[in-house]
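Asker:
Protein chains: 4
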Amino acid sequence: MTKRSGEKHQVILDAAVKTFARAGYHRTRVSDIAGEAGVADGTVYIYFNNKEDILISLFQNIMNRFVEELRSELVLCRDANEKLEKIIDYHLRTLGSKPEQARVTQIELRQIDQKINEGISKPLLTYFRLIEEVIEEGKKQALYRPDLDTRTARKVIFGAIDEVVTCWVMSSKPYSLAELKNPVFDLLIRGLQ
Amino acid sequence: MTKRSGEKHQVILDAAVKTFARAGYHRTRVSDIAGEAGVADGTVYIYFNNKEDILISLFQNIMNRFVEELRSELVLCRDANEKLEKIIDYHLRTLGSKPEQARVTQIELRQIDQKINEGISKPLLTYFRLIEEVIEEGKKQALYRPDLDTRTARKVIFGAIDEVVTCWVMSSKPYSLAELKNPVFDLLIRGLQ
Amino acid sequence: MTKRSGEKHQVILDAAVKTFARAGYHRTRVSDIAGEAGVADGTVYIYFNNKEDILISLFQNIMNRFVEELRSELVLCRDANEKLEKIIDYHLRTLGSKPEQARVTQIELRQIDQKINEGISKPLLTYFRLIEEVIEEGKKQALYRPDLDTRTARKVIFGAIDEVVTCWVMSSKPYSLAELKNPVFDLLIRGLQ
Amino acid sequence: MTKRSGEKHQVILDAAVKTFARAGYHRTRVSDIAGEAGVADGTVYIYFNNKEDILISLFQNIMNRFVEELRSELVLCRDANEKLEKIIDYHLRTLGSKPEQARVTQIELRQIDQKINEGISKPLLTYFRLIEEVIEEGKKQALYRPDLDTRTARKVIFGAIDEVVTCWVMSSKPYSLAELKNPVFDLLIRGLQ
DNA sequence: GATGAATGAGAGTTCATTCAT
DNA sequence: AATGAATGAACTCTCATTCAT
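Protein chains in written order, with the working numbering: chain A, 1 to 193; chain B, 1001 to 1193; chain C, 2001 to 2193; chain D, 3001 to 3193.
1) Any chance you could list the alpha helix (DSSP H) runs of at least 4 consecutive residues sitting entirely within the segment 3032–3091 of chain D, in chain order?
2) Leaving aside the five residues before and after B:A1178 along the sequence, list all residues of the same chain whose C-beta is less than 6 Å from its C-beta, in chain order.
3) Should B:Q1193 be listed as close to the ligand GTP, given that the test is whether its C-beta is under 7 Å from any heavy atom?
4) Checking 8 Å against the spacing of the C-beta atoms, do B:M1063 and B:Y1144 come in under that value?
5) Which residues in chain A sit within 8 Å of B:T1152, going by Cβ to Cβ distance?
6) Would you mind working out which of A:G6, A:R190, A:A80 and A:I161 sits nearest A:A102, comparing C-alpha positions?
7) Exposed or buried, C:Q2141, counting other C-beta atoms within 10 Å across all chains shown (16 or more means buried)?
8) Determine, using beta carbons only, whether C:Q2106 and C:V2030 come nearer to each other than 8 Å.
9) Give me the Cα-Cα distance between C:E2136 and D:K3018, rounded to the nearest whole angstrom.
10) Which of helix, strand or coil does DSSP assign to C:L2148?
11) Roughly how many whole angstroms lie between the Cα atoms of A:A15 and A:E36?
12) Select from B:Q1193, B:K1086 and B:S1121 the residue whose C-alpha is nearest the C-alpha of B:I1131.
13) Give me the Cα-Cα distance between D:L3109 and D:G3119, rounded to the nearest whole angstrom.
14) Give me the residue from A:C167, A:L13 and A:E82 with the minimum Cα distance to A:R186.
15) Counting only beta-carbon separations shorter than 8 Å, does A:D14 have a partner in chain B?
16) Select from B:F1158, B:I1088, B:P1099 and B:E1007 the residue whose C-alpha is nearest the C-alpha of B:L1125.
17) Measure from the alpha carbon of D:E3007 to the alpha carbon of each residue in D:Y3047, D:T3152 and D:R3065, then state which is nearest.
18) Measure from the C-beta of D:Q3101 to each C-beta in chain C and report whether the shortest distance is under 8 Å.
19) Can you tell me which of A:K122, A:G138 and A:R151 puts its alpha carbon nearest to the alpha carbon of A:I189?
20) Using three-state DSSP, classify B:L1143 as helix, strand or coil.
21) In terms of alpha-carbon separation, which member of A:I12, A:N61, A:E73 and A:A153 lies closest to A:K122?
22) Taking a contact to mean a Cβ-Cβ separation below 8 Å, would you say B:E1163 touches A:K173 in this structure?
23) In three-state terms, what does DSSP make of B:H1026?
24) May I ask you to report which of helix, strand or coil DSSP gives C:P2099?
25) Is the distance from the Cβ of A:Y25 to the Cβ of A:I112 below 8 Å?
26) Where do the N-terminal and C-terminal ends of the alpha helix (DSSP H) with C:I2189 fall, by residue?
27) May I have the straight-line CA-CA distance separating C:A2153 from D:R3129, to the nearest angstrom?
28) Compare the Cα-Cα distances from A:R78 to each of A:I54, A:L192 and A:V134 and report the closest residue.
29) Would the beta-carbon of B:A1104 fall within 8 Å of that of B:A1021?
30) Grab me the residues of C:L1962's own chain with a C-beta within less than 7 Å of its C-beta, minus the 5 sequence neighbours each way, in chain order.
31) What whole-angstrom Cβ distance do B:G1038 and A:G191 have, given they're in contact under 8 Å?
32) Which residues of chain B have a Cβ atom closer than 8 Å to the Cβ of A:G119, listed in chain order?
33) According to DSSP, simplified to helix, strand and coil, what is C:K2122?
34) Using three-state DSSP, classify D:I3161 as helix, strand or coil.
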């Protein structure tokens, strides 16, 4: 009789994305999320520990799916160059097609206190590691210079993509995010070689 | 003969950097700043409209000095390549030597509501424009390829530096930020050519 | 089966009358009202928008009941003279039996900002109109002179009663307010004829 | 060299009437009064003990002049009837010609805490006594009935005039206050006889 | 599991008043 | 006498969280 467990969990998460994207994390009240989700305030606390937990769960949810899907796309690529291109393509395409998620990822997520960052940094680290794996692979494949500092390269790559997304989120979005793939790739790829 | 003018203003600003860096913007109470500054709570409101105003003033203060000093260093450079190197060097060196300011710039500043972002984006735009000028100059000097998209290049450059700084701020800082200048520069410069 | 609805609303209103009468509107803190009502501070804001709203609701509450009851008593009167006598009697009797309400009505209510007076003047206007109706009736019944200015007569009647009440409230109340009915009536009635 | 003492006292008082009438007692800050008077905030405290003292001084100032002038006009009257007419006339004429003072007298003055009311009630009592003297005189002159309760009659008379003024102050003043003298007098005089 | 009324700690802000100059 | 920068007590209102139903 009861609908499948976890349904409300997702309903609340979806409502949270909308309200966070609309009003920002700090301006959003838990009752706003509950209202948007069509549940009582107290119900939110059955599925989440507190307000911050919602934001973190949101991000973990998004990032896990993000990395998982990205990984499955990467297996089709032949070499590191193709993989790097795919990463940029996938990153821009995914966030570009979900402006609300993009806003939460780029803006709202950075509004929470440092101590709880662990919940955020863990899924993010998986993504970082994935990028670093590709760089290492490129070095093994002799595509990238052997003295390349993998860690720094990862920061540069991620930072570049991230900034491109943030600028797009903050703008009135008069252009498609995905179309920036080529220019960004061109700028980054030669630095690695 | 007392140098009253602006004295307290700066004292409060200095206290704010410390407290924001220590506890974060949202966790800092106005009375904490006042206490750190050695003034009464009400005094803060003689010099600033509200808490947010302090954070914004802080950033404008920092950024104006940042861009001004950077500009004066750039005149000594011969070509766009040297200028770009100088930008990266100056950016990393400056924030690397002021960890408290760096934390406020990289973390706390991103905690305020979007609507008031104008106070933040304006001084930032000046910096963006400066980077774009250098890129344009490099194109005129035939150092960078003519089909390079200046705007995207700027985002990639700024995003890369910014991410490098953020990672350093979030870390326990076991390395000097300035020493990343060469690897970052090497990664970016070839993408422009 | 619990008669929850509106229960706390009234409890808070009752507590507000007491505290306003005791300490005055401006000297009363919302937490005082909450304490007197036996609820948390925040609960007050579930039922009222703000402190001023409590005072206004209080008055509307009182005045609505006042006019309603007065109206029901007036139907028993034969002519305008009897009705006027009843008005004076009822006004003095009602406030005379509720010194706390009287103090709020005569003193505290006049402490709020003009702009929000609408909430106050509306129920008061109902009372004014009722008095004017009786005067008009008296003119139709040829009890009062036809050239009598109804509006001015109402002001004189209400002002007289109101002042009598105010003096009583401000005094140590060594006399019963109701016993002033006859002298006041005698003074007013002949002016109308 | 110093201008005559008390000059600033009056300047501040004049500024207070304006600001109180404009914004109301509680909404007026001491710095507003000082600004309007063209003096420093601290200067206000050389001439007055505190904010309330300003309001009270204001009223005493007004009332003393009021009663004094009224008294001097009354000596020209032949009997109690003429005197009562003069009182009503003078009261309405005076306040009707000074809307700002009227607003302070009718509205703002009633906003202060009871305990300090002595400063207000004393000069008011002088006015009350003056009215009662006229009533007593009328009784002695056999113009008014001997069983008339002087105290109550005074309350009725003052309350009536006061209400007429208050209604005018609260209105957009589309009529002259002075023109209400006759209707008010007609209404009151017969009640005394 | 679901509800939503109730809680109460918490913080930003105001402004009357003071006092060193 | 005059100034006005500085003070700091005071107070309203918000909202994340709880828990009896």
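Glycine is no exception: its CB is placed at the ideal position from the N, C-alpha and C atoms. Note that the structure is a prediction, hence the values are computed from the model and not measured.
Answerer: With the structure as the only source:
1) Taking 4 residues as the minimum length, the alpha helix (DSSP H) runs contained wholly in the segment 3032–3091 of chain D are 3041–3047 and 3051–3074, in order along the chain.
2) Around B:A1178: L1092, R1093 and G1096.
3) By its list of ligands, the structure shown contains no ligand whatsoever, and the ligand GTP lies outside what it can speak to.
4) No, the pair does not count as a contact, with Cβ atoms beyond the cut-off.
5) Within 8 Å Cβ-Cβ: V164, L180, P183, V184 and L187.
6) Nearest C-alpha to A:A102 among A:G6, A:R190, A:A80 and A:I161: A:I161.
7) Exposed: under 16 other Cβ atoms inside 10 Å.
8) Going by C-beta atoms, C:Q2106 is not nearer than 8 Å to C:V2030.
9) Between the C-alpha atoms of C:E2136 and D:K3018 there is a straight-line separation of about 40 Å.
10) The answer is coil: DSSP assigns C:L2148 none of H, G, I, E or B.
11) About 5 Å.
12) Checked all of B:Q1193, B:K1086 and B:S1121; the closest Cα to B:I1131 is B:K1086.
13) Computed Cα separation, rounded: 11 Å.
14) In the sequence as presented, Arg is not what sits at residue 186 of chain A; that position holds Asp. When each option's Cα is compared against that of A:D186, the closest is A:E82.
15) Closer than 8 Å: no.
16) The shortest Cα separation from B:L1125 among B:F1158, B:I1088, B:P1099 and B:E1007 belongs to B:F1158.
17) For D:E3007, the closest of D:Y3047, D:T3152 and D:R3065 by C-alpha to C-alpha distance is D:Y3047.
18) With 8 Å as the cut-off, D:Q3101 does not count as an interface residue toward chain C.
19) Between A:I189 and the set A:K122, A:G138 and A:R151, the nearest pair of CA atoms involves A:G138.
20) Coil, per DSSP.
21) The option with the nearest alpha carbon to A:K122 is A:N61.
22) One thing to note: B:E1163 has its Cβ no nearer than 8 Å to the Cβ of A:K173.
23) DSSP places B:H1026 in coil when its eight states are reduced to three.
24) Under the three-state reduction of DSSP output, C:P2099 falls in the helix class.
25) Yes, these two residues count as a Cβ contact at 8 Å.
26) It spans K2181 to L2192 - the alpha helix (DSSP H) in which C:I2189 sits, taken as one unbroken run.
27) Roughly 25 Å separates the two Cα atoms.
28) Taking only the C-alpha atoms, the option nearest A:R78 is A:V134.
29) In the sequence as displayed, the identity of residue 1104 of chain B is Val instead of Ala. Yes, these two residues count as a Cβ contact at 8 Å.
30) The shown model of chain C, from 2001 to 2193, leaves out residue 1962 of chain C, and the question about it has no answer.
31) Taking a contact as a CB-CB distance under 8 Å, the pair B:G1038 and A:G191 does not count as one, their CB atoms being some 49 Å apart.
32) By Cβ distance, chain B contributes nothing, its closest Cβ being about 14 Å from A:G119, past 8 Å.
33) Helix.
34) D:I3161: helix per DSSP, three-state reduction.
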